[in-house]
Amino acid sequence: MPPVLAYPVFLAELARLPMNAGGSGPHHAVAVVDFEGLSELDGVVGYAAVDEIARQAAARLTDALQSSGQVGMTGRHQLACLLYNLPGPDYATLAGHKILRVLSPAFEQDERKLVVSPRIGIALNDSSSTDPERMLRNARSAVRQARLDRESLRLYEAGSDDPLLLGVNLWSDLGHAIEGGQLHLVYQPQLNLSTSRIDTTEGLLRWKHPTRGPIRPDTMIQIAEGTGLMSRLTLWVLNTALRQCAEYRKAGLKAGVSVNISADDLREPDLPELVAQGLDLWGVPPDEIIIELTETAMMEGRSGAIDVLHRLKDMGLKISMDDFGTGYSSMARLLNLPLDEVKIDMTFIRDLTRSEPHERIVDSMIGLGHRLGLNVVAEGVEDATTLERLRALGCDMAQGYYIGRPVPLDELIATAVQVPGGTREDTPGQVR
Ligand code: C2E
Ligand code: CA
Ligand code: CA
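The sequence shown runs 765 to 1196 under the numbering used here.
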């Protein structure tokens, strides 16, 4: 088996690759492999164990590639493969899938079996790569793009923005956008399945960038997380949601508002006081406000973070676990969190009426939520059949495009405030 190349040797090998700007010569590629969460494992299984996993992964790749490629370590937890003489450019993606397959079985570490999630970015020796080093940079850019889009594989495309650069630019733009009126919230109704009323709406962030157009909210959150921008952004969201909730309540839609926060926000010990000030200012009752946090963020939360959730709940706000079913909640942890609600992730709802196992899982999730005394919301409801099935299963609330898309405040008021309680005769919510 050929050895795993150390970084300088890998670079030297890379430097010998002929470029193929015209596209008629041999096709070579670089595939960079990143392992999500491997660094975080350091604290759990130790540095040596994590390095051992990276070594095992490199050995598997070397074994799989044989003479068709070379494997090198390009970072402590980053591997790269040189893929020689591909029959055509399309084969680079095929090779990427093969790499993913080779790395998917669990790694053995002492008695433990550890599964890691690789992400791959690939660049070809085509016109996008003027020289071999550029090729490696492009492959790294593609892996960052994959991470941003939560994909496992990405082929570099010429002209695509490097997320690193895009992130830096957007970060400074976002700072201006918060104060500069470029942000707004849209509101998506949540239907109470027993009363057919809109009990609450979820506020969702929108940013229309002056030159790049709309930026996805999860991209914004990713850019803001880990920087001082996150708390400024969340404060803007909370304050806007409270003000506009007061506005639609005054206009006749007697509904509460649900706001998303990120794990970062729980590191802000002043958050409960700032929320209290906002409630005072806009005169919204605290029990009309729901704070949504994803299951994963709640599970990662240290005790200080959970303390912030307890303080919010003590103030009378409700706490909702978002994307329920996608994290790894232990039953013990579920019992100890100050929860009022779980929102079943839309991946379970999408196939509810098409797959029996999905229906059984949703049924169990509803049962579990109810046994814990929680309100159960289903998100991503896109058709009448799903809505009816959820009603039959005893789900409390539903949210999704079938009930209503997220809309700006004026549209929400114009469409929902027709009859007291907020549902019109012709809204799907009235279908029984
Ligand atoms: P989320 O909290 O799970 O929000 C639900 C997402 O699903 C929203 O996407 C919503 O527009 C979309 N959606 C609603 N109904 C349907 C449906 O029937 N079918 C489908 N396919 N999608 C539906 P959006 O607005 O793009 O938000 C994406 C994520 O960004 C949110 O996921 C949330 O995690 C984050 N986010 C949005 N606004 C904020 C915010 O103000 N603060 C924080 N921290 N995160 C936010
Ligand atoms: Ca949410
Ligand atoms: Ca969700």
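Note that the Cβ used here is the ideal one computed from N, Cα and C, for glycine as well.
query                                                                                                                                                        : result
Thinking C-alpha only, which one of Asp815, Ser958, Asp1087 and Asp854 is nearest Leu1151?                                                                   : Ser958
Consider the C-beta atom of Asn1100 and the heavy atoms of ligand 2; say whether any pair is separated by less than 8 Å.                                     : no
As a quick exercise: from Asp1147, Gly1131 and Leu947, pick the residue whose alpha carbon is nearest that of Glu1105.                                       : Gly1131
Return yes when the Cβ of Leu1038 is within less than 9 Å of the Cβ of Ile1070, no when it is not.                                                           : no
Tell me whether Glu1105, by its Cβ, gets closer than 8 Å to a heavy atom of ligand 5.                                                                        : Ligand 5 is not part of the structure shown, which contains ligand 1, ligand 2 and ligand 3 as its ligands.
With the cut-off set at 9 Å, would you say Gly1089 and Ile1053 are in Cβ contact?                                                                            : no
With H, G and I counted as helix, E and B as strand and the rest as coil, what does DSSP make of Asp1086?                                                    : strand
Measuring straight from C-alpha to C-alpha, what distance separates Thr1058 and Asp874?                                                                      : 32 Å
Does the Cβ of Thr1191 have 16 or more other Cβ atoms within 10 Å, making it buried, or fewer, making it exposed?                                            : Summary for Thr1191: the model assigns pLDDT 47, below 50, so the residue's position carries little reliability, and this model does not support an answer.
Exposed or buried, which one is Arg1118 when buried takes at least 16 other CB atoms within 10 Å?                                                            : exposed
For the 8 Å Cβ check, are there 3 or more pairs between the stretch 1000 to 1009 and the stretch 973 to 985?                                                 : no
Could you say if the stretch 864 to 878 and the stretch 807 to 820 meet the contact criterion of at least three C-beta pairs nearer than 8 Å?                : yes
What is the DSSP secondary structure of Asn902, counted as helix, strand or coil?                                                                            : helix
Between Val1171 and Ile1108, what straight-line distance do the alpha-carbon atoms span, to the nearest angstrom?                                            : 22 Å
Could you pull the start and end residues of the beta strand (DSSP E) that Leu1035 belongs to?                                                               : Not the beta strand (DSSP E): Leu1035 falls in the alpha helix (DSSP H), residues Leu1035 to Trp1046.
Reducing DSSP to helix, strand and coil, say where Arg897 ends up.                                                                                           : Arg is not the amino acid found at residue 897; the sequence shown has Glu there. Helix.
Indicate whether Leu1176 and Thr965 have their beta-carbon atoms separated by less than 9 Å.                                                                 : yes
Quick check: does the Cβ of Glu1056 come within less than 8 Å of any heavy atom belonging to ligand 2?                                                       : yes
Checking the sheet assignment: what are the DSSP bridge partners for Met837?                                                                                 : Leu843
Where Arg1135 and Leu1098 are concerned, what is the direct C-alpha to C-alpha distance, given to the nearest angstrom?                                      : 12 Å
Please look up how many angstroms separate the CB atoms of Glu1064 and Ser1026, rounded, as I've assumed it's under 8 Å.                                     : Wrong, their Cβ atoms sit about 11 Å apart, outside the cutoff.
Quick test of the definition: if touching needs 3 or more C-beta pairs under 8 Å, does the stretch 772 to 790 touch the stretch 841 to 860?                  : yes
Please tell me whether, using a cut-off of 8 Å, the distance from the CB of Met1110 to the nearest non-hydrogen atom of ligand 3 is below it.                : yes
What's the call for Ser905, buried or exposed, on a 16-neighbour Cβ count within 10 Å?                                                                       : buried
Suppose the cutoff is 7 Å on Cβ atoms and the five residues either side in sequence are ignored; what does the same chain contact list for His948 look like? : Arg970 and Pro1172
Beta-carbon separation of Leu1017 and Ala1162 under 9 Å?                                                                                                     : no
Could you give the first and the last residue of the continuous beta strand (DSSP E) run that contains Val1141?                                              : Asn1139 to Glu1143
Could you check what DSSP says for Pro766 in three-state terms: helix, strand or coil?                                                                       : coil
How should Gln830 be labelled, buried or exposed, when 16 other C-beta atoms within 10 angstroms of its C-beta is the threshold for buried?                  : exposed
Please classify Val1126: does DSSP put it in a helix, a strand, or coil?                                                                                     : helix
To the nearest angstrom, report how far apart Gln1194 and Pro953 are at their CA atoms.                                                                      : Per-residue confidence for Gln1194 stands at a pLDDT of 37, beneath the threshold of 50, marking its modelled position as unreliable; the derived number appears in the next sentence. One C-alpha to the other measures close to 13 Å.
Would you say the beta carbon of Arg980 is closer than 8 Å to some non-hydrogen atom of ligand 1?                                                            : yes
What does the alpha-carbon distance come out to for the pair Gly860 and Ala779?                                                                              : 21 Å
Taking the DSSP output, what are the residues bridged to Pro978?                                                                                             : Lys972
Which same chain residues, not among the five before or five after Arg1196, have their C-beta less than 6 Å away from its C-beta?                            : Its pLDDT being 28, under 50, Arg1196 is placed unreliably in this model, and the coordinates cannot settle the point.
Could you give the residue range of the alpha helix (DSSP H) that holds Ser995?                                                                              : Leu993 to Lys1014
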